[in-house]
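Report on the structure given below.
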Ligand SMILES: Cc1cc2nc3c(=O)[nH]c(=O)nc-3n(C[C@H](O)[C@H](O)[C@H](O)COP(=O)(O)OP(=O)(O)OC[C@H]3O[C@@H](n4cnc5c(N)ncnc54)[C@H](O)[C@@H]3O)c2cc1C
């Protein structure tokens with residue numbers, strides 16, 4: 008066999024591409040991952056590190072658009088849209104607004120994501136037990152803290168909706184919150200604790216997964232940017248990269264926020280926009296939290312690692328713009344300091360930003376691309392890529408190899424937007 012020829016070539020070496028590669032290699036395929044930069048160094052690198060079924064739901068939630076509108080005018084709010092309207096942004100926003108109107112669909116999609124996430128959390132746990140590489144996996148639970156009665160009521164409604172899907176929870180009063188986590192200050196009306204939620208260090212988690220994939224026989228190519236695609240009669244024949252041409256029987260597009268851009272090379276409509284977020288680390292606190300904390304109204308995520316505290320937040324719909332807006336970074340620090348006893352919130356280290364790959368309906372695209380026999384998509388995981396990666400890999404591998412799928416593939420159909428140009 009030609010050294011640049013494989014059964015399956017996966018474009019994109021983020022957590023999703025690597026998870027798919029692992030599952031396909033386990034089924035006996037020869038698999039290559041073609042990564043433009045370094046494995047796991049894009050959005051999968053510095054995210055909050057949460058493996059939280061409690062928050063596995065589409066961004067387009069009922070009421071979200073109405074709630075988000077006032078935020079658009081506020082430079083420090085958790086949600087922002089770059090004010091440069093294009094046709095693709097207008098279509099995306101329309102799809103987002105329409106998806107957020109249907110509670111039944113939201114519930115169905117949330118269930119599908121929770122099932123993928125519950126499976127994936129167990130898979131991360133299993134990897135942490137057998138991998139030589141530690142990645143800080145722990146199932147310490149997550150405390151979702153509310154400052155307004157309306158937010159708390161909404162939080163309890165969502166918790167009650169998710170409980171039958173396998174997400175147990177416990178409602179806490181403001182006094183119980185402070186007793187449980189003395190680091191929390193300020194005024195809260197209450198909190199919801201999710202005991203089955205887990206956390207990890209995301210950069211190290213992807214490397215552990217990549218190591219597992221390598222051991223299963225996957226070839227990981229770095230500095231291999233896919234530039235062009237050769238197509239023949241409804242099939243992808245090969246891709247041209249900065250390292251040469253790669254041929255495969257089947258191709259998987261798993262390029263995160265760049266999947267829309269790359270989709271054009273395949274003459275495919277992949278309506279994914281990048282939604283930028285930031286994270287940074289703070290030194291360990293005197294009263295270091297014992298579990299993850301979500302400041303629900305401020306949309307700030309806090310993940311206590313052993314030696315540092317990771318803070319993450321904001322969602323800016325910006326396309327592929329990776330510039331840093333320090334005003335928004337400071338807003339995360341200020342927002343967290345308003346609720347937690349942090350001595351010096353400005354002492355941030357390892358400031359990071361990443362682009363969440365977001366579809367209009369907030370659901371990943373996992374399955375065969377419309378109009379192609381041998382092109383598959385595994386992308387569009389918005390805020391849930393780390394927590395659903397192993398399940399995504401499992402579902403895609405089952406679909407590609409004709410095995411009965413472990414999860415309902417319908418909510419994730421990759422051809423739901425596709426129209427071949
Ligand atoms: C602030 C923040 C916090 C988050 N917190 C969480 C969390 O706690 N839990 C969670 O589950 N999710 C979280 N997310 C979301 C999560 O990070 C993403 O869903 C996930 O990383 C997406 O993985 P991916 O593999 O699809 O994309 P990426 O990790 O971006 O990987 C895509 C890869 O494709 C490569 N690529 C692009 N173009 C090409 C090309 N032409 N040729 C070859 N390769 C190419 C890129 O270099 C990149 O490595 C968070 C995101 C942000 C921004």
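In this note's numbering, the protein residues as written are 8 to 428. All C-beta atoms in this analysis are idealised placements derived from N, C-alpha and C, irrespective of residue type, glycine included.
Test item: CB-CB of residue i and residue j under 8 Å
i, j, result
"residue 56", "residue 207", "yes"
"residue 168", "residue 128", "no"
"residue 303", "residue 152", "yes"
"residue 201", "residue 59", "yes"
"residue 419", "residue 367", "no"
"residue 25", "residue 216", "yes"
"residue 286", "residue 35", "no"
"residue 402", "residue 373", "yes"
"residue 124", "residue 399", "no"
"residue 243", "residue 381", "yes"
"residue 85", "residue 113", "no"
"residue 318", "residue 339", "yes"
"residue 269", "residue 17", "no"
"residue 436", "residue 256", "Any question about residue 436 goes unanswered here, given that the chain covers just 8 to 428."
"residue 264", "residue 27", "no"
"residue 266", "residue 364", "yes"
"residue 221", "residue 214", "no"
Residue i versus the options, residue with shortest Cα-Cα distance
i, options, result
"residue 387", "25, 53, 65, 47", "65"
"residue 358", "384, 399, 316, 375", "316"
"residue 320", "310, 328, 130, 314", "310"
"residue 239", "335, 133, 273", "273"
"residue 262", "44, 30, 35", "44"
"residue 385", "259, 48, 101", "259"
"residue 278", "19, 18, 103", "103"
"residue 284", "335, 322, 352", "322"
"residue 33", "422, 416, 408", "408"
"residue 352", "337, 361, 301", "337"
"residue 161", "219, 198, 139", "198"
"residue 232", "218, 252, 224", "252"
"residue 62", "22, 308, 145", "308"
"residue 195", "313, 266, 301, 31", "301"
"residue 344", "99, 115, 193", "193"
"residue 108", "405, 423, 369", "369"
"residue 360", "333, 383, 376, 378", "333"
"residue 47", "230, 249, 255", "230"
"residue 280", "137, 405, 94", "94"
"residue 296", "187, 170, 158", "187"
"residue 413", "20, 30, 134, 22", "30"
"residue 377", "423, 354, 393", "423"
"residue 67", "389, 406, 305", "389"
Residue i beta carbon near ligand 1 (any heavy atom closer than 7 Å)
i, result
"residue 267", "no"
"residue 356", "no"
"residue 51", "yes"
"residue 41", "yes"
"residue 232", "yes"
"residue 29", "no"
"residue 286", "yes"
"residue 262", "yes"
"residue 344", "no"
"residue 393", "yes"
"residue 23", "yes"
"residue 237", "no"
"residue 149", "no"
"residue 60", "no"
"residue 18", "yes"
"residue 44", "yes"
"residue 319", "yes"
"residue 57", "yes"
"residue 364", "yes"
"residue 312", "no"
"residue 128", "no"
"residue 390", "yes"
"residue 226", "no"
"residue 251", "no"
"residue 125", "no"
"residue 452", "Past the edges of the chain, shown from 8 to 428, lies residue 452, and the structure says nothing about it."
"residue 54", "yes"
"residue 361", "yes"
"residue 308", "yes"
"residue 408", "no"
Chain D contact for residue i (CB, 8 Å cutoff)
i, result
"residue 156", "Absent from the structure is chain D; it holds one protein chain and no more."
Q.
Contact between the stretch 30-41 and the stretch 11-21 is defined here as three or more beta-carbon pairs at a separation below 8 Å; is this criterion met?
A. yes
(Q) I'd like to know if the stretch 172-188 and the stretch 205-221 are in contact, where contact means that at least 3 CB-CB pairs between them fall below 8 Å. (A) no
Q. Between the stretch 290-301 and the stretch 343-353, do three or more beta carbon pairs fall short of 8 Å?
A. Counting Cβ pairs under 8 Å, three or more are found: they touch.
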